[in-house]
Every structure is written in C-alpha cells, then in structure tokens.
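If you read the sequence shown in the numbering used here, its first letter stands for residue 4, the second for the next number, and so on. This report concerns only the one structure given below.
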Amino acid sequence: MKVLLLVKNFDLGGTEVHVRELANGLAEAGHRVFVMSRSGRQVEYLNAKVTFIQHRFTDFGLLGAVSKVRKLIRSERIEIIHGHQRLPILISAIVKVLTGIFSVATIHGRLSLDSRPGFMRRWIDRMILVAPNRLSTLRESDAIRAKCCVIYNGISLEDRIPSRKKIQGPNLLYASRVDRRHGQALIIILKKIWPSLLQQFPRAKLHIAGDGNRLAEVREVAKPFTETSEQSVVFHGFVPSLDPLFKETSLTLGVGRVAIESLALGIPVIPVNSAYWAPVVSRDNYEALKADNFVGRPFYEFEPEPLLAELLCVLGDLDKVCHETQNLSEEVYQDFSLTRMVDLIEEVYQELVD
4 MKVLLLVKNF
14 DLGGTEVHVR
24 ELANGLAEAG
34 HRVFVMSRSG
44 RQVEYLNAKV
54 TFIQHRFTDF
64 GLLGAVSKVR
74 KLIRSERIEI
84 IHGHQRLPIL
94 ISAIVKVLTG
104 IFSVATIHGR
114 LSLDSRPGFM
124 RRWIDRMILV
134 APNRLSTLRE
144 SDAIRAKCCV
154 IYNGISLEDR
164 IPSRKKIQGP
174 NLLYASRVDR
184 RHGQALIIIL
194 KKIWPSLLQQ
204 FPRAKLHIAG
214 DGNRLAEVRE
224 VAKPFTETSE
234 QSVVFHGFVP
244 SLDPLFKETS
254 LTLGVGRVAI
264 ESLALGIPVI
274 PVNSAYWAPV
284 VSRDNYEALK
294 ADNFVGRPFY
304 EFEPEPLLAE
314 LLCVLGDLDK
324 VCHETQNLSE
334 EVYQDFSLTR
344 MVDLIEEVYQ
354 ELVD
C-alpha cells in the first residue's frame, strides 16, 4: 500500500514523534510511505525506506500545497492520504474531493480545533482520535461519530529499562516543546513553586528538555537557579531520545507522550501543562487520565499552590509512589504498544481500500 502522511512541522512535539514512529512502522511492515512536512530534526530518524518531501504548509499557501499533493498522488499512485494537525487535515480533505483518494485524519488535540472548518469533516473518510475524551464535544446524533475511532498513541517500549539504579536526590523532568503554553507553565513553576520546593528538598533538580520560541524567556527566569554553585535547574535543549534522562528521573511533570513513556518505565508522573494538572498517576486515576491522553482536564485547573502541595506530598513518599508506578508500568506497556498502534491504523487503511 502507498501512504502519504502530512504534518505541518517535523521538529519537536508529540505529534511529530507520532508521525515519525507511524511512518517507520508502516515502512517496516512493507508499505511505501511518504512524509510531507516542513523539514525538522525528526527527518534524520526516519527509516531509510521512507521518502521525505519538504514543504512549508501555510494558510496563504493552501492552493499551492493542494496542487503539489495532488500531483504527488497522481505520479506515485498513492492510495491513502493521512493528515495530522489542522492545516494538513484540511489539505487532505480538499485533495480527497479533487482526486477521490481515501482520506484519514488523526486528531491529536481538540476535535473542534484540529478539524476546522467543521464542514470539511464530511470529506474525511475516517477520523482517528488518540483519546476517547476527544469525542466528548460531539453530539450523539452527530453524523461524523460513525467515522471516528480511538487508537491510542504507540510508544517504542520494546527496549524498556528493566530496572533503574538508585537515583541520587529528587530529579524532576519537564520535557516538551517550549512554546507559548508550556513556556508559561515553566515560568510559573520557576517563579511560584520551585523556590518553596527547594526549601523542603534542597537537593532537588529540575531538568528541562526541549526548545521552542519561549526557551530564552524561561532561561532568563531560571537564572537564580542556574547561576549558582548548586545548580537546581538544568537545561538540556533538544534531545533526540529521552532515555538517558529517564534513567536519572525521579518524577516527570508532563502530559501526552512524555507521560506515557515515563509511566511505561515505572517513573511517577504528575500531569501538568499551562491549563490543567492532576494528582500523580495511580491505579485509581489511570483510566480517567488515559481517556484524556494524560492531560489533567478532568481534575484541576493549573494553580501553583495546590500543585506545590502535591509535589511535596509525592516527593515526601517517593519510594512508595515509585513502587506503585512500577506495578502499573506493564499495563501501560500493553495499552500503548507501538506495534499495536501501527496494526490498528493498518486495519483502518485496509478497510478503506477494500
């Protein structure tokens, strides 16, 4: 089968890693895979069998992108076009109308935002959602419900670390694209949470992995913690794999893919972004958080004081929390297998072409 994956950016973030892993998995399964996107650091981690086509998707360049994709589909006889992120999904829908190709969309964020304008949803043959709570915005009578299915993110978990050595001191990890939302969360953490946390846990370190358009601002706010002999905040910039950092991490602050990877390795997670947070992931709240891609939306709006209280509570009883998370890790491993994700998406494709 010949498949074209469209994604706006291919540098940092959960969506970009998802597309890379999907492309590689499909290629390993014997499919001919093309990825069209703006060039970024994910390109060098694509399987050699995957063809990368550079294109900068913009709203103003919509017609040019549609023309380029249409020509590629005809010249390569592509059978499936699969869009990720709002603009590539819109382009996939338009090209479906023009060529009759089968069109698939994966909704990584909110359905109402990723599939705008709403009328074009009827041009998409199948819509994949990464978490069931994404369906909550649809009415029961909404016609596109029949097009929707839930396929959880797949993570490369086959090389899980069987056991981690004893970690020296509380090491916290915040790994994300440092954009407007996550940059704001980090700034609040550094200003209103980190000083108080250090009073209780003076050996604690916050490791920040990732870059983006607010990284310079976050670095500036972090100077009181980076320009001392006892650095309590460490910036790592972009890292192609979080595995080396995970080996030294006591507690992860994050959502989505980072949360899933951490849990699969037995690392405790407090879901945090600029809008929401949730208590440390446990057997009791795992299903509720899994249903929303480990975003704390079903729990609390982001406020520094209660989040600080949760951090102090978790760090004060870290051995017990780690033990509970390690008991949960096998279930996470089964729920978010990359092989399972690729197989399920293959089934979606096959149902369409048959």
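Glycine included, every Cβ here is placed at the ideal spot set by N, Cα and C.
For residue 157, no alpha helix (DSSP H) segment is defined, and its DSSP state is neither H nor E. Counting along the chain, residue 226 sits inside the alpha helix (DSSP H) bounded by residues 226 to 229.
The alpha-carbon of residue 248 is positioned some 37 Å away from that of residue 119.
Under the criterion of beta carbons closer than 8 Å, residue 44 and residue 60 do not qualify as touching, at roughly 17 Å.
Rounded to whole angstroms, residue 309 and residue 192 show a C-alpha spacing of 12 Å. Residue 207 sits close to residue 235, with the two beta carbons spaced by under 8 Å. Contact check for residue 99 against residue 84 passes: the beta carbons are separated by less than 8 Å.
Look at residue 139 here: in three-state DSSP terms it is helix. When the five nearest sequence neighbours on each side are left out, the beta carbons in the same chain lying within less than 8 Å of the beta carbon of residue 273 are those of 254, 255, 256, 280, 281, 282, 283, 284, 310, 313, 314, 317, in order along the chain.
Within the DSSP secondary-structure output, residue 280 pairs in a beta bridge with 275, 303.
In this chain, the beta strand (DSSP E) harbouring residue 178 covers 174 to 178.
By alpha-carbon distance to residue 345, the top candidate from 47, 34, 11, 182 is 34.
When rounded, the separation of the alpha-carbon atoms in residue 188 and residue 340 is 29 Å. In this structure, DSSP gives residue 85 an extended state, which the three-state scheme calls strand.
Only exposed fits residue 113, as fewer than 16 other CB atoms lie within 10 angstroms of its CB. Ranked by Cα distance from residue 301, the first of 128, 32, 63, 135 is 135. For residue 73, the CB contacts under 8 Å within the same chain, skipping 5 residues up- and downstream, are 98, 101, 102 in chain order.
Residue range 129 to 132 is occupied by the beta strand (DSSP E) that includes residue 131. The criterion of a C-beta distance shorter than 8 Å is satisfied by residue 15 and residue 215. Boundaries around residue 328 are those of the alpha helix (DSSP H), 321 to 338, since no beta strand (DSSP E) includes it. Looking from the CA of residue 155, the closest CA among 194, 53, 111, 127 belongs to 111.
When 48, 11, 25 are compared, the shortest CA-CA separation from residue 65 is found for 11.
Cβ atoms of residue 26 and residue 53 come within 8 Å of each other, at about 5 Å.
Within the region 230 to 261, the alpha helix (DSSP H) runs of at least 4 residues that lie entirely inside it are, in chain order, 246 to 249. Between the alpha carbons of residue 138 and residue 148 lies a gap of roughly 8 Å.
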